[in-house]
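Below: the structure, in structure tokens.
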Amino acid sequence: MSHPIPLSEPLSMLWRDDTAVAVNKPAGLLVHNSKWAGPKETSLRQLTARQTGRRTYPIHRLDRPTSGVTLYAFSSEAARAWHHQLRQPDTRKIYLALARGRIDAPLTIQRPLKEGNAPRPAITHIQPLAYNADEHVTLVTVRIETGRRHQIRRHLSRIAHQIIGDTTYGKGRINRHFRARYGLHRLFLHAWSLHITHPFTGERLAIHADPPPDLLQVIHQLFPDRTLKSPQ
């Protein structure tokens, strides 16, 4: 479980124009309220609207425990255009994760994931960055071609490389160890960058959100010689 979110602190705006805004989502916040999320609470959508003074429309979702790049449009027309662009082949969504076990080489997971009553195609690409033998964990980047619910978490769990801190698909014993030893009280999954073509101007955008301090301190302890560079 994530620590309480300080709702009074200003959000980090990563990019903005007249059609949309990219926000660095803190872990623990809902992207928006829905009937599936339970009782209504203050969401990132509301905070973004409050800070920008504009009505906001979510373009894509991040799970509550995930942090990082999140897009909102300022009109329903813009939301449709951005959502269409998000599904184009040249759009790249890259995540940073800490996975259980050793991953030595790049791998691609192509396993359908059930949404509703039907399995849907799902493709996830994994790139290892560094391995810690003492804790038997691998720091990885993840790129998804599809956007199924909990796709990264479910795919990594299916190949026995569960994400550290995942209370739904992960290992409780390992999560407790990382809470006690490293102070990690959340899912180690961060939406690190979004590469997308602007649907109205044609400009190629590369939007980055630096990993937050709670993840960086774990990285520095596990991989002291590793320098993180934003994905290109």
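Whatever position you read off the sequence shown (first residue = 1), add 23 for the working numbering. By construction, the Cβ of each residue, glycine as well, lies at the ideal position given by its N, Cα and C atoms.
Best match in T250, V165, I219 for proximity to A122 [C-alpha to C-alpha]
V165
Can you tell me which residues form a DSSP beta bridge with L52?
Bridge partners of L52: none, in fact.
For S66 and L53, believed in contact at Cβ under 8 Å, the rounded distance:
4 Å
H218 versus P112, A183, V241, residue with shortest Cα-Cα distance
P112
In chain order, what residues of the same chain lie with their CB nearer than 8 Å to the CB of R181, ignoring the 5 residues before and after it?
I132, R134
Run through DSSP, which three-state label would R103 get?
helix
Going by beta carbon distance, what residues of the same chain come within less than 7 Å of G170, once the five residues before and after it are set aside?
H83
L152, enclosing alpha helix (DSSP H) - first and last residue:
No alpha helix (DSSP H) holds L152; the beta strand (DSSP E) holding it covers 146-155.
Do A214 and H178 have their beta-carbon atoms positioned less than 8 Å apart in this structure?
no
First and last residue of the alpha helix (DSSP H) that includes R177?
174-181
Return the Cβ separation of R227 and A50 in integer angstroms, given the expectation that the two are a contact with Cβ distance under 8 Å.
That pair is no contact at about 28 Å.
Does G76 come out as helix, strand or coil in the three-state DSSP assignment?
coil
Burial state of T79, where buried means 16 or more other Cβ atoms lie within 10 Å
buried
Please identify the residue among I242, T93, F246, Q74 whose C-alpha is closest to the C-alpha of K116.
T93
Take the Cβ of R249 as the centre, count every other Cβ of all protein chains shown within 10 Å, and call the residue buried at 16 or more, exposed below.
exposed
Assumed close pair T161, G124 - CB separation to whole angstroms, cut-off 8 Å:
7 Å
Please return the same chain residues whose Cβ sits closer than 6 Å to the Cβ of R87, not counting the five positions on each side in sequence.
L53
Contact check, G188 vs N198, beta carbons under 8 Å:
yes
8 Å CB neighbourhood of G172 in its chain, flanking five on each side removed:
The residue asked about is misnamed: residue 172 is Arg in this sequence, not Gly. Same-chain partners within the cutoff: L136, E138.
Taking C-beta to C-beta, are G76 and L85 nearer than 8 Å?
no
Closest residue to D40 among L239, Q69, S98 (Cα-Cα distance)
S98
For the alpha helix (DSSP H) that H184 lies in, which residues bound it at each end?
Note, H184: premise wrong, no alpha helix (DSSP H); not H, not E.
Measuring CA to CA, which of I242, A232, L238, Q244 is closest to W38?
A232
Between the CA atoms of L152 and A120 - distance to the nearest angstrom:
10 Å
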